[in-house]
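Single-structure report; data block below.
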Amino acid sequence: MAFRKVAQFKELSLEYVSPSGASTFKFFTDMPGNALALRFTGSLPQTNPGHYPETTTFSLVDGNGAPLEGTLYYPRVEPFATSANGGTQLRSGVVFIRPIGVYLDGSLGEFFETMPISVGV
Amino acid sequence: MEHVALFGIIELQYHATNGGTLTLSTDLPGDAMAVRETRTLPTTAGSRRVIRFRLSGNTKGRLYRVKVVPTGNGIIRLYAGRIWARLLPSPQWQWYAIPIPETPEEWERVALPIPATGEWERVALPIPPTGDWERVQLPIKPTPPNPEWVDIPVDQ
Chain X
0 MAFRKVAQFK
10 ELSLEYVSPS
20 GASTFKFFTD
30 MPGNALALRF
40 TGSLPQTNPG
50 HYPETTTFSL
60 VDGNGAPLEG
70 TLYYPRVEPF
80 ATSANGGTQL
90 RSGVVFIRPI
100 GVYLDGSLGE
110 FFETMPISVG
120 V
Chain E
0 MEHVALFGII
10 ELQYHATNGG
20 TLTLSTDLPG
30 DAMAVRETRT
40 LPTTAGSRRV
50 IRFRLSGNTK
60 GRLYRVKVVP
70 TGNGIIRLYA
80 GRIWARLLPS
90 PQWQWYAIPI
100 PETPEEWERV
110 ALPIPATGEW
120 ERVALPIPPT
130 GDWERVQLPI
140 KPTPPNPEWV
150 DIPVDQ
């Protein structure tokens with residue numbers, strides 16, 4: 000029986016300020032392979048010189064267009080190399096996830112099995 | 000009293016990267032759970048699919064159990080399932096849901112743990128305050144109201 004709860008990741012939005020240049024966004028999950036690894040890299044475009052926050056949304060899909068999956072995840076933001084007009088500010092962020100009811104990994108010997116069920120009493 | 004059910008069809012909604020095996024166990028005949036039906040789940044192309052297996056026609060039991068196992072190192076995402084059965088001696092067939100944990104259709108919004116940026120806050124600068132008007136006496140020697148005798152220095 001599988002005990003892990005695997006989630007699918009659809010998209011992630013960041014509200015940020017990056018007036019000196021484009022920043023880099025990275026998204027790590029532990030699947031496939033059961034080890035946290037980089038699964039997605041995106042660019043946060045340079046924002047306005049007035050330092051007003053802007054929002055960018057990333058579609059978290061793999062090379063086949065399927066949503067990324069994992070039991071663990073973490074996002075990472077790397078600022079523009081120089082900060083002549085100011086550094087990168089993160090104001091807020093949100094990720095859209097959906098847990099999969101039953102996820103079976105054959106390499107781990109997982110299976111699904113119900114209890115003995117009575118149809119009618 | 001538990002009724003004996005006759006099982007006709009089993010249906011699964013799943014996604015398999017390398018196929019799998021579905022087994023259906025019941026407790027009849029023999030009053031012991033045993034595998035009565037085994038079916039191969041084919042690999043699905045890209046996304047989930049619905050598959051329906053017609054059973055042998057005489058598969059029956061008071062209890063049933065469903066087991067799904069991936070083939071090799073494959074992955075199976077199991078979304079839903081149901082079984083077509085009728086309770087003997089009733090002639091009425093109907094679907095019974097197999098208790099598979101649900102996968103929600105909706106995406107859930109999860110906020111990232113980014114410390115919030117607050118509203119504008121009033122902070123006083125360290126400038127000493129300017130006080131009210133203050134009375135300050137000028138250094139002018141007062142003129143007495145009446146003449147005063149003053150000794151004139153005369154040679155003796």
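The listed protein sequences correspond, in order, to chains X and E.
FYI, numbering that gives the first Met the number 0 numbers position 34 of the first sequence as 33, with every residue one higher than the one before it.
FYI, numbering that gives the first Met the number 0 numbers position 84 of the second sequence as 83, with every residue one higher than the one before it.
No residue lacks a Cβ here, since even glycine has one placed at the ideal position from N, Cα and C.
From a predicted model like this one, the values you see are computed outputs, not experimental measurements.
Spatial distance of residue i from residue j (CA atoms)
i: Arg-38(E); j: Phe-110(X); result: 15 Å
i: Gly-20(X); j: Val-122(E); result: 31 Å
i: Ile-51(X); j: Glu-133(E); result: Sequence check: residue 51(X) is Tyr here, not Ile. Between Tyr-51(X) and Glu-133(E), the C-alpha separation is close to 47 Å.
i: Met-114(X); j: Glu-104(E); result: 25 Å
i: Ile-9(E); j: Gly-80(E); result: 8 Å
i: Thr-20(E); j: Pro-78(X); result: 49 Å
i: His-14(E); j: Ile-97(E); result: 17 Å
i: Leu-77(E); j: Gly-117(E); result: 44 Å
i: Phe-39(X); j: Gly-7(E); result: 46 Å
i: Thr-142(E); j: Glu-120(E); result: 58 Å
i: Glu-10(X); j: Pro-100(E); result: 24 Å
i: Trp-94(E); j: Glu-36(E); result: 18 Å
i: Val-16(X); j: Pro-98(X); result: 31 Å
Residue i in three-state terms, based on DSSP
i: Met-0(X); result: Caution applies to Met-0(X), whose pLDDT of 48 falls short of 50 and renders its modelled position unreliable; the model cannot decide the point.
i: Phe-106(X); result: The sequence given here has Ser at residue 106(X), not Phe. Note: Ser-106(X) maps to helix in three-state DSSP.
i: Tyr-133(X); result: One cannot answer for residue 133(X) here, as it falls past the ends of chain X, which runs 0 to 120.
i: Ile-97(E); result: coil
i: Glu-10(E); result: strand
i: Ala-79(E); result: strand
i: Lys-59(E); result: strand
i: Gln-91(E); result: coil
i: Ile-140(E); result: Correcting the residue type first, residue 140(E) is Lys in the shown sequence and not Ile. If DSSP states are grouped into helix, strand and coil, Lys-140(E) belongs with coil.
i: Gly-73(E); result: coil
i: Gly-86(X); result: coil
i: Gly-64(X); result: coil
i: Thr-81(X); result: coil
i: Arg-64(E); result: strand
i: Ala-115(E); result: coil
i: Gln-7(X); result: strand
i: Arg-75(X); result: strand
i: Leu-37(X); result: strand
i: Leu-40(E); result: strand
Residue i vs residue j beta-carbon contact at 8 Å
i: Leu-13(X); j: Thr-55(X); result: yes
i: Gly-105(X); j: Gly-73(E); result: yes
i: Phe-8(X); j: Leu-43(X); result: no
i: Arg-85(E); j: Leu-5(E); result: yes
i: Phe-27(X); j: Leu-35(X); result: yes
i: Thr-42(E); j: Asn-17(E); result: yes
i: Val-76(X); j: Arg-108(E); result: no
Residue i beta carbon near the ligand HEM (any heavy atom closer than 7 Å)
i: Gln-12(E); result: Ligands in the displayed structure: none, and consequently the ligand HEM is not present.
Proximity test, Cβ basis, 8 Å: residue i and chain A
i: Gly-29(E); result: Of the protein chains in this structure, namely X and E, none is chain A.
Closer than 8 Å to chain E by CB, residue i
i: Val-60(X); result: no
i: Pro-115(X); result: yes
i: Arg-97(X); result: yes
i: Lys-9(X); result: yes
i: Gly-49(X); result: no
i: Pro-78(X); result: no
i: Pro-74(X); result: yes
Neighbour flag for residue i against chain X, beta carbons, 8 Å
i: Asp-26(E); result: yes
i: Ile-8(E); result: no
i: Gly-56(E); result: no
Exercise. On the three-pair Cβ rule with 8 Å, is the region 122-136 of chain E touching the region 111-120 of chain X?
Worked result: Touching, no, given that fewer than three Cβ pairs across the two stretches are closer than 8 Å.
Problem set entry | Segment contact flag, the region 84-100 of chain X with the region 46-56 of chain E, C-beta cutoff 8 Å, min 3 pairs | The region 84-100 of chain X makes no contact with the region 46-56 of chain E; the number of CB pairs closer than 8 Å stays below 3.
For this session: Examine the Cβ distances between the region 57-67 of chain E and the region 10-28 of chain E and report whether three or more of them are shorter than 8 Å.
Result: Result yes; three or more Cβ-Cβ pairs closer than 8 Å.
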